Ligand SMILES: [Zn+2]
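Numbering (this note's numbering), first residue to last: 74 to 241.
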């Protein structure tokens, strides 16, 4: 299956809300395969990144794919049911920024999420810390929101080389 191009910051399509998956049909399966292949290729070539959201490849559906050494999974139609009062500060970047720079932003420490898994089974799960902030980043994509929208302090932005040197 073809690798898909990542839409880049400035592309108006990244600001469009994606829609719910209603049918797990052939079109869904083909796009999901592309989404997975695209993330795996990016991880191999860029040596960074833990997840991808369907709108990043121009597939305007509520689908996320996560792939880290300890867990690989798909989330369909995710909804955040609750957020902790406690927040965490994280350095965030995005394939839509070509991972050229990182920004320090605030995310909820814990979230409870309802979603469909790859088999279409409803799950309700609580996520903390790394996975929590990652899922918030990816769900934002489904709502046309990018990490840069969360930047409150314009001095909290560093190029990738400086981030690797100082904060990694
Ligand atoms: Zn992103």
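The beta carbon of each residue, even a glycine, is placed where N, CA and C say it ideally should be. Small disclaimer: the values here were computed from a predicted structure and weren't measured.
Cutoff 6 Å; reference residue i; Cβ partners in own chain excluding five residues on either side
i           : result
residue 123 : 141 and 207
residue 223 : 178
residue 82  : 169 and 170
residue 217 : 88, 89 and 90
residue 185 : 154, 155 and 199
residue 212 : 151
Start and end residues, alpha helix (DSSP H) containing residue i
i           : result
residue 207 : 202-215
residue 237 : 233-239
Top-ranked residue by Cα proximity to residue i, from the options
i           : options               : result
residue 197 : 132, 204 and 188      : 188
residue 233 : 226, 176 and 209      : 176
residue 238 : 174, 227, 214 and 78  : 174
residue 191 : 98, 77, 85 and 212    : 98
residue 231 : 205, 106 and 172      : 172
residue 150 : 104, 193 and 80       : 193
residue 118 : 105, 76 and 80        : 76
residue 143 : 215, 104, 127 and 204 : 204
residue 148 : 79, 157, 116 and 215  : 215
Endpoints, beta strand (DSSP E) assigned at residue i
i           : result
residue 103 : Taken as a continuous stretch (DSSP letters only), residue 103 belongs to no beta strand (DSSP E), being part of the alpha helix (DSSP H) at 99-119.
residue 125 : 124-126
Residues near residue i by beta carbon distance below 7 Å, same chain, minus five either side
i           : result
residue 201 : 182 and 183
residue 145 : 139
residue 240 : 164
Residues of its chain near residue i, where Cβ-Cβ distance is below 8 Å and the 5 sequence neighbours each way are ignored
i           : result
residue 92  : 133, 134 and 135
residue 210 : 124, 165, 167, 180 and 220
residue 195 : 187, 188 and 189
Check: residue i C-beta below 6 Å from any heavy atom of ligand 3
i           : result
residue 185 : By its list of ligands, the structure shown excludes ligand 3, since it contains just ligand 1.
| task | Could you say if the stretch 107-118 and the stretch 150-164 meet the contact criterion of at least three C-beta pairs nearer than 8 Å? | result | Per the Cβ contact rule, the stretch 107-118 is not in contact with the stretch 150-164 (fewer than 3 Cβ pairs under 8 Å).
| Entirely enclosed beta strand (DSSP E) segments - the stretch 141-185, minimum 3 residues | The stretch 141-185 contains, as complete beta strand (DSSP E) runs of 3+ residues, the segments 144-156, 160-165 and 174-181 (chain order).
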